[in-house]
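Everything on this sheet refers to the single structure shown next.
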Amino acid sequence: MAKPVLMDFFAEWCGPCRQQTPILDQLKERMGDRVEIRKVDVGVDSAETRQYASKYDIQFVPTIVIEKDGELVQKLVGVQDLERLEGILTPLVEQ
């Protein structure tokens, strides 16, 4: 069974995105390799960025998308706190 994937859609110019980064760093420390964390810079025009931004209808940054087994679990817009993210991901890694 695949581990959950958290995708952080951000932009370098985005102040709230810079607030989200240390929270995700803490999440990585706590959850380790049980969760894959990907950063997707919407300011970089690439086929992969366009594909994900279109698939998840990303209109604002920061946006966090959580997937499990290729299926959308949750889409969160705005800065998210550590406890909320951990609360969503912990049951997914225990499945």
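Note that the UniProt record's numbering has the sequence shown beginning at 1, numbered continuously upward.
Even for Gly, the Cβ is constructed at its ideal location relative to N, Cα and C.
Fair warning: this is a prediction, and the values are worked out from it, not measured in the lab.
- With contacts defined as CB atoms closer than 7 Å, PRO4 and PRO62 fail to qualify as a contacting pair.
- A direct Cα-Cα distance of roughly 22 Å separates ASP8 from GLU94.
- The C-alpha of CYS14 is placed about 23 Å away from the C-alpha of GLU36.
- Judged by DSSP in its simplified three-state form, ILE23 adopts helix.
- Counting along the chain, the unbroken alpha helix (DSSP H) around ARG84 starts and ends at 82-93.
- A contact is defined here as three or more CB-CB pairs under 8 Å, and the segment 37-49 fails this definition with respect to the segment 75-82.
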